[in-house]
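Quick note: the sequence shown uses the working numbering, first residue 254, plus one each step. From the three backbone atoms N, C-alpha and C, an ideal C-beta is built for every residue, glycine too. As the structure is a computational prediction, the values presented were derived from the model and not from experiment. A short write-up of the structure that comes next.
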Amino acid sequence: MKALTQVSLVKHVILFSIAILFVSGFMGCKKTADPVELTFSSWRIDDVDEMNRINALYTAANPNITIRFNSYEPTTYDEVTKADLDAGTGADVLFMFSYDRGRAFYDGGYLYDLTKVIPNLTSYDQVPVKAWSTESGVTYALPSVGVTHGIYYNKSIFAKYNIQEPATWDEFIAACDKLLAGGEKVLSQAVGDNTWILNRVMFCGLGANFYGGETARQGLMSGTKKLTDANFIDAFKAMYSLKKYFPAGFETLGYEDSKVLFASGKAAMFIGGSWEISVLEGLGASSSTIGWFAPPVKKAGDQLQYCFQVDAGISLNKKSKNLDAALEYIKWLAGSEYARSVMTELPGFFSYTPGTSTLTNPLAQKMYNVAATANLTVRLMDEKLNSKSPGGDALMNEALQGMFLGTYTPESAAAYVQSKL
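Take a look at the structure:
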């Protein structure tokens, strides 16, 4: 009996040892997730460092993932992106312009259907969702951020002339005249390159108070309104009236020159977008040295027509070689951690993620607050009017640049675009 017990004990020890070796061997053979590099393309050439810091939050929690953020000039972004996608070398994840420009990529078969991927999609505001969705309800981009438009000013120059933030167009022009009489560079605007700012920022930002904001935009899309109507002509004339306040040599100065001229304190004002906050800060400005005011209304008592543009969606390359990893990353991009980090790192970009409106930058907060009492609209040509060639944006860019260079009058500029739409 004793011998049998010893044999049994030996057997149990042997079996237990084998089990330990098996488990140890199994654990030793277990593999961690294979490393994956995701590529992310954008037109935001100024935001590479900030986006790398934001993406580091994700890769820290997912050490098998690296993210390569590539940016291209906004004016060539669509062309470059399409060429890469056609060649099979397109990024896994792509920033996508709203409305017609993004829709062209979905219709071309390049983008993944994210309708059932985006968490809590039904909780999003429907305006940005619509900007990246089809009529049948397919959402092909995560509504990421919106931007606004207005006028930055140098506080020291305004203080020197005892100028308060203008609320009406007459007050704005009076301030411009006072600064001009004092020998100041009034506006740092330029028309030498990147003429989209004349259209998408100046005309759609300031001009909306003249042409009538969203009501006029809807009429233009439906064909019941024309750019040659009196309200649109008023907008062209108002923009043209600013020419005398542009700096010497504005014809050859470029967009980057405009920002440097303003941020260095050499110009009193800069008509720009909310996304310029971090760019201007990078050039040495700060909320202690510069202020911002909303586009002046046409006359006292008018409600502000505020261009709050649905700016950037985030799409997924349908043929991504890293589809599973990219899908998980998209879900993180739809979450609060990404939303908060974007609005902190890149003030002036306003997240569409539900429940994430906390802002830390005072300029961005002011821009966001203005929206609460304004009639909101988006850029004039983005929806439907960019769907054919030549697109409305390209025509407006050309016409407005020509107007400031003397090729067109306000009336003929409007007539030119209307005839080509």
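Residue i, buried or exposed, once every other Cβ within 10 Å from all chains shown has been counted against 16
i    : result
E529 : buried
R306 : exposed
Y464 : buried
T630 : buried
D298 : As written in the sequence, residue 298 is Ile, which differs from the Asp given in the question. Per the 10 Å Cβ criterion, exposed.
P548 : buried
E437 : buried
I271 : Note that I271 scores a pLDDT of 37, beneath 50, so its modelled location is shaky; the value from the coordinates is reported in the next line. I271 comes out exposed.
K512 : buried
Q562 : buried
R470 : buried
R356 : buried
V391 : exposed
N323 : exposed
Close beta carbons around residue i, own chain, < 7 Å, minus the five adjacent residues each side
i    : result
A652 : Y661, A666, Y669 and V670
S376 : P607
P643 : K673
N452 : D646, M649, N650 and L653
CB-CB length for residue i against residue j, believed under 8 Å
i    : j    : result
N628 : L557 : 7 Å
N570 : L338 : 7 Å
P419 : S531 : Actually they are not in contact, since the Cβ atoms of P419 and S531 sit about 25 Å apart, beyond 8 Å.
S573 : D345 : 4 Å
Among the options, nearest to residue i - alpha-carbon criterion
i    : options                   : result
A434 : P600, A521, V513 and V532 : A521
T383 : P643, E636, G644 and G655 : Note that residue 383 corresponds to Lys in the displayed sequence, not to Thr. Out of P643, E636, G644 and G655, E636 has the C-alpha closest to the C-alpha of K383.
L374 : A394, L291, L338 and L440 : A394
E326 : S511, T334 and I320       : T334
K408 : L580, W585 and F546       : F546
G554 : D423, I371 and Y330       : D423
M492 : Q442, G526 and K519       : Q442
D430 : R593, G544 and Y498       : Y498
D331 : G361, L310, R321 and N308 : G361
R593 : E303, G502, A625 and N315 : E303
G526 : F322, D300, G403 and V380 : G403
G655 : W385, G460, D446 and Y621 : D446
Spatial neighbours of residue i in its chain, beta-carbon cut-off 6 Å, leaving aside the 5 residues before and after
i    : result
D353 : N639 and S640
Other residues of its chain near residue i: CB distance less than 8 Å, five sequence neighbours each side excluded
i    : result
P372 : K584, A587 and G588
Check: residue i C-beta below 6 Å from any heavy atom of the ligand MN
i    : result
A313 : No copy of the ligand MN appears in this structure; indeed no ligand is present at all.
Those runs of the beta strand (DSSP E) which lie wholly inside the segment 371 to 406 and span at least 3 residues: Counting whole runs of 3 or more residues, the segment 371 to 406 contains the beta strand (DSSP E) stretches 395 to 400.
Sequence ranges, alpha helix (DSSP H) only - wholly within the segment 396 to 477, length at least 4: If we require 4 residues or more, the alpha helix (DSSP H) runs fully inside the segment 396 to 477 come out as 408 to 413, 422 to 434, 461 to 464 and 466 to 475.
Runs of beta strand (DSSP E) wholly within the segment 523 to 559 (minimum 3 residues, chain order): DSSP runs (the beta strand (DSSP E)) wholly in the segment 523 to 559: 543 to 546.
Runs of beta strand (DSSP E) lying entirely within the segment 284 to 348, each at least 3 residues, in chain order: Runs of the beta strand (DSSP E) spanning 3 or more residues and lying entirely within the segment 284 to 348 occur at 289 to 295 and 318 to 324, in chain order.
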